[in-house]
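Data first, discussion second: the structure below is written as structure tokens.
4 protein chains.
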Amino acid sequence: MVLLLSEDSSFVVEVRKGMLHTKDGILDLGNLKKKKFGDRIKTHLGKEFKIVKPTVNDILEKKLKRLPQIIMPKDIALILAYTGVSSGSLIVDAGTGSGFLSIFLASYIKPKKIVTYENDRRFVKMARENIKNSGLSKVIRLKQKDITKGIEEKNVDLVTLDMKNSEKVVRNAYDVLRLGGYLVVYSPYIEQVISVVKEMERKGFSNIKPVENIVREWQVEKFARPKTVGLMHTGFLTFARKVK
Amino acid sequence: MVLLLSEDSSFVVEVRKGMLHTKDGILDLGNLKKKKFGDRIKTHLGKEFKIVKPTVNDILEKKLKRLPQIIMPKDIALILAYTGVSSGSLIVDAGTGSGFLSIFLASYIKPKKIVTYENDRRFVKMARENIKNSGLSKVIRLKQKDITKGIEEKNVDLVTLDMKNSEKVVRNAYDVLRLGGYLVVYSPYIEQVISVVKEMERKGFSNIKPVENIVREWQVEKFARPKTVGLMHTGFLTFARKVK
Amino acid sequence: MVLLLSEDSSFVVEVRKGMLHTKDGILDLGNLKKKKFGDRIKTHLGKEFKIVKPTVNDILEKKLKRLPQIIMPKDIALILAYTGVSSGSLIVDAGTGSGFLSIFLASYIKPKKIVTYENDRRFVKMARENIKNSGLSKVIRLKQKDITKGIEEKNVDLVTLDMKNSEKVVRNAYDVLRLGGYLVVYSPYIEQVISVVKEMERKGFSNIKPVENIVREWQVEKFARPKTVGLMHTGFLTFARKVK
Amino acid sequence: MVLLLSEDSSFVVEVRKGMLHTKDGILDLGNLKKKKFGDRIKTHLGKEFKIVKPTVNDILEKKLKRLPQIIMPKDIALILAYTGVSSGSLIVDAGTGSGFLSIFLASYIKPKKIVTYENDRRFVKMARENIKNSGLSKVIRLKQKDITKGIEEKNVDLVTLDMKNSEKVVRNAYDVLRLGGYLVVYSPYIEQVISVVKEMERKGFSNIKPVENIVREWQVEKFARPKTVGLMHTGFLTFARKVK
Chain A
4 MVLLLSEDSS FVVEVRKGML HTKDGILDLG NLKKKKFGDR IKTHLGKEFK
54 IVKPTVNDIL EKKLKRLPQI IMPKDIALIL AYTGVSSGSL IVDAGTGSGF
104 LSIFLASYIK PKKIVTYEND RRFVKMAREN IKNSGLSKVI RLKQKDITKG
154 IEEKNVDLVT LDMKNSEKVV RNAYDVLRLG GYLVVYSPYI EQVISVVKEM
204 ERKGFSNIKP VENIVREWQV EKFARPKTVG LMHTGFLTFA RKVK
Chain B
4 MVLLLSEDSS FVVEVRKGML HTKDGILDLG NLKKKKFGDR IKTHLGKEFK
54 IVKPTVNDIL EKKLKRLPQI IMPKDIALIL AYTGVSSGSL IVDAGTGSGF
104 LSIFLASYIK PKKIVTYEND RRFVKMAREN IKNSGLSKVI RLKQKDITKG
154 IEEKNVDLVT LDMKNSEKVV RNAYDVLRLG GYLVVYSPYI EQVISVVKEM
204 ERKGFSNIKP VENIVREWQV EKFARPKTVG LMHTGFLTFA RKVK
Chain C
4 MVLLLSEDSS FVVEVRKGML HTKDGILDLG NLKKKKFGDR IKTHLGKEFK
54 IVKPTVNDIL EKKLKRLPQI IMPKDIALIL AYTGVSSGSL IVDAGTGSGF
104 LSIFLASYIK PKKIVTYEND RRFVKMAREN IKNSGLSKVI RLKQKDITKG
154 IEEKNVDLVT LDMKNSEKVV RNAYDVLRLG GYLVVYSPYI EQVISVVKEM
204 ERKGFSNIKP VENIVREWQV EKFARPKTVG LMHTGFLTFA RKVK
Chain D
4 MVLLLSEDSS FVVEVRKGML HTKDGILDLG NLKKKKFGDR IKTHLGKEFK
54 IVKPTVNDIL EKKLKRLPQI IMPKDIALIL AYTGVSSGSL IVDAGTGSGF
104 LSIFLASYIK PKKIVTYEND RRFVKMAREN IKNSGLSKVI RLKQKDITKG
154 IEEKNVDLVT LDMKNSEKVV RNAYDVLRLG GYLVVYSPYI EQVISVVKEM
204 ERKGFSNIKP VENIVREWQV EKFARPKTVG LMHTGFLTFA RKVK
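Line by line, the protein sequences give chains A, B, C and D. Quick note: the first sequence uses our numbering, first residue 4, plus one each step. Quick note: the second sequence uses our numbering, first residue 4, plus one each step. Quick note: the third sequence uses our numbering, first residue 4, plus one each step. Quick note: the fourth sequence uses our numbering, first residue 4, plus one each step.
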């Protein structure tokens, strides 16, 4: 996959036969085969694009279909920061939704395997397509199952939950986590945080820590100030570790 | 390396001959050779520890020497989130300091190479030791050089700066970054943000975005509320991309 | 003045002859003379309004003309909270702008006198009208003068500044403040905060404290969460006291 | 009352016979009778204090006994900002606690009357003393009664609640508020906010708005940055208006 970059627009495309229609003309993608990163390519109207290696974010932003409520990169990154999960880990995730959380985690850290549970047929279809488009079909396994009925994996390093009744999965998560493993629950509403924390305590989790992660943008023009309006809230993240 | 875990204390140790002195007695580390993850081990006073696979964070927290002003995991994770840097990337970093930023990035994403510049001899020694103790000597290369004098790498995916006069490195960073690559500057003070943004604009960077990342902890006991006192500020992160 | 209140709209009107045109019909304001608070009145189309005593905020929100950049009630209230200024105080203010800061302070605390300086003729006109409409002409005195040229009042309890070069007024403010009096500077940009703090230190002010005041709204519907988007920044407030 | 001010300490004292013992010597308060604001006075060891008019905050900070959990000036000020309550208003408050909320509101705005309900005998004693020491006995009336049993006032402009079961007072508050009047509830915990909002909706309140008010301090020394550690949370304020 390559990133076609101009100052006012960009595209992530696969190098294969076909035409890309842009507002500045048509690009023959077949021509990309003869090019290398750093080269340029022109539409039939003369608009020039640079051919660039895409980052993980470029691919995810341009190629994936999204649901309206989506966990954001800042929140996914905090999961890495606070659990130390890394390449070689076994991760269980639910509900899949559009697959964003699984795909981002897989893209950043190259885990051994992410198994993601989704019970809603409509999401399964979208997620399957997104996983395929992100090129991660070997790392991410999607199961169309109800995770509240049981988790089939064992010796799991990290369980991530972004679903309505996460508190119903806390017991199962505890059972399948390895000693020293983490459970992380993402939830937009504070009532969910409260239910989940109480269930985590009942089931024996340690180091329980619910947090909000607020990124505040600044503008630096003639003078500097925080931007007037911004994202005040996405969701709460609740972390817990299995220690005993 | 293994994590020895009890409910009130934990240690990261290497599996080799030697004695570990804890407040609850002495552990013969040689005995770890016959054990596997999930087993238990006892001190000569009978205190039991579980033998657990350490996460990246366990290793970094327990084995590294720190400087007082250190970039925190939440801020390092945001660099991943906003640049999409991933395995296979070439990263240039300065100043090394204790090596935390390099070591965390290397631990999370397994880049091809991180080259980190440090001009202060006292830090070089500490960083070298930390890189060795984190087992990342093959990925991280430490150069005792003044990065304001020049960057020797080419076609770099990400340049990270955590140093006093970051604005003096912006031009060099631009020159060695690949198209589509990122510069990220960490700075505790707002004056540094302002200088860096203005220099980024002069040198032609795009998508310039200075942010603060505030993590707010909640306590959920009988009732729930944000913790009364907390970290209001660590540092600003300024992101910029080379697009033209 | 009375507040005419319905569930979907409200008006602040004076009790005098005249017609009020609303989207739900015309109200004969002359009829208000025979009514008292708690009574109802109807438009010619039958829409009913309750006749209510307006609060200070009702009057200010409905009767004053605004400039785009306006200091907000939350920030004005913090001036009260941190200076303890109260009825009987002498306050000097600049620049007047639309008069909001003066009018709110006067409305809340009934000071002896607020003298407000404005050098720009266009603002003077708007402010004069706003002061008249708020019924505070006896408390607020508007001077069309450049406050950087000098402050004519003596023994002042509080000086408030919301203008471009506030740092140029710090020396004059110090000279006219009584011992124990306060200077408060409102400024959208951080560079202004920095200049002002440094000038305050040079001129001998104590207890210098720059702050941001962030109000975060929650939504409580089926479940509770902070509102997704909100005001991240209005301006910085810098407080200082004359102690020696 | 006068404020005795030196660069390293300050006292609020009444002008009457008596001795003030400071760490820098003894002051004969009787001598204050012959002095006026701006004069100086010395202890028997030669330490000099300036004689200054105290602000409302000086008096409250120096003269009042406090309970550990106290509503802060920033939060009290927001009540003014969002309700527009002003001089001449009738306010009902509960529970009194140490009396801080009543005393601050009374000090800032000179209402016609604040009636404050407290059921706990221990607090009543402390509050009575604080009200007396603040010189507001004519404005604040303290009733040792359980406000959940009923509110005796009528045509109230503002009801403020800072107590455990505020939701039990919402109905009574609605009944005694004038049209256009406000109910404001202060609560440390989010569960209280949720109960109160739901009860406000059931009882017919409009414009229901729960908020947090976060004041973030900056330090401006050689360079500027937000202070590292600070107050992340005091309490939530929930506003509602009686419109129908």
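All C-beta atoms, glycine included, are put in the ideal place defined by N, C-alpha and C.
- Distance between D:V18 and D:E51, taken at the CA atoms: about 17 Å.
- If you draw a straight line from the Cα of D:E121 to the Cα of D:K141, it is about 18 Å long.
- Around the beta carbon of C:T231, fewer than 16 other beta carbons lie within 10 angstroms, which makes this residue exposed.
- At least 8 Å separates the beta-carbon of D:L240 from that of D:N210.
- Cα atoms of B:F107 and A:V218: separation of roughly 21 Å, rounded to the nearest angstrom.
- At least one CB atom of chain B sits nearer than 8 Å to the CB of D:F226.
- Three or more Cβ pairs drawn from the segment 187–197 of chain A and the segment 161–177 of chain A lie within less than 8 Å of each other, which places the two stretches in contact.
- Under DSSP, A:T163 takes part in a beta bridge, and its partners are A:D96, A:V187.
- Closest in C-alpha terms to A:I74, from the list B:G238, B:K77, B:A84, comes B:A84.
- The beta carbon of B:D61 falls within 8 Å of a beta carbon belonging to chain A, placing the residue at that interface.
- With respect to the 8 Å criterion, C:Y177 and C:K245 are classified as neighbours on the basis of their beta carbons.
- Residue nearest to B:L63 within the set B:S9, B:K135, B:K167, B:T237 is B:K135 (criterion: CA-CA distance).
- The three-state secondary structure of C:S110, taken from DSSP, is helix.
- Around the C-beta of D:Q72, fewer than 16 other C-beta atoms lie within 10 Å, and the residue is accordingly described as exposed.
- Three or more beta-carbon pairs separated by less than 8 Å are not found between the segment 89–105 of chain D and the segment 22–39 of chain D, which leaves the two stretches without contact.
- Residue burial annotation: D:D61 is buried, with at least 16 other C-beta atoms found within 10 angstroms of its C-beta.
- Cβ-Cβ distances below 7 Å link A:R131 to L145 in the same chain, with the five nearest sequence neighbours on each side left out; the list follows chain order.
- In the three-state scheme derived from DSSP, where H, G and I count as helix and E and B as strand, D:R131 is classed as helix.
- Here the C-alpha atom of C:L182 lies approximately 14 Å from the C-alpha atom of C:V88.
- When CB distances to chain D are screened at a threshold of 7 Å, the residues of the segment 186–214 of chain A falling below it are I193, in chain order.
- Beta-bridge annotation (DSSP): C:N216 is paired with D:V218.
- Secondary structure note for B:S198: its alpha helix (DSSP H) is the uninterrupted segment 193–206.
- Comparing alpha carbon positions, the residue from C:K56, C:K38, C:M4, C:V127 closest to C:K66 is C:M4.
- Along the segment 118–135 of chain B, none of the residues has a CB nearer than 7 Å to a CB of chain A.
- Secondary structure of B:I79 (DSSP, three-state): helix.
- Among the residues facing chain C, D:T237 is not included, as its CB has no counterpart in that chain under 8 Å away.
- Around the Cβ of C:F208, a 10 Å sphere holds 16 or more other Cβ atoms; the residue is buried.
- Short of 7 Å from the beta carbon of C:L180, and not among the five residues preceding or following it, lie these beta carbons of its own chain, in chain order: V159, V162, L186, K245.
- C:L139 does not reach chain A, its nearest Cβ partner there being about 29 Å away, counting only Cβ pairs nearer than 8 Å.
- Taken in chain order, the whole alpha helix (DSSP H) runs of length 4 or more contained in the segment 8–91 of chain C are 59–66, 76–86.
- Comparing alpha-carbon positions, the option among D:P76, D:K247, D:G33, D:E10 lying closest to D:M203 turns out to be D:K247.
- Residue-level contact by beta carbon holds for B:P76 and chain A, with a gap shorter than 8 Å.
- In the three-state DSSP reduction, A:S140 falls in the coil class, being neither helix nor strand.
- The shortest C-alpha to C-alpha distance from D:V199 to any of C:V59, C:Q195, C:V200, C:Q222 is the one to C:Q222.
- Its chain contains R219, W221 as the residues whose beta carbon lies nearer than 6 Å to that of A:P229, once the 5 sequence neighbours on both sides are disregarded; these appear in chain order.
- Only buried fits A:F103, as 16 or more other CB atoms lie within 10 angstroms of its CB.
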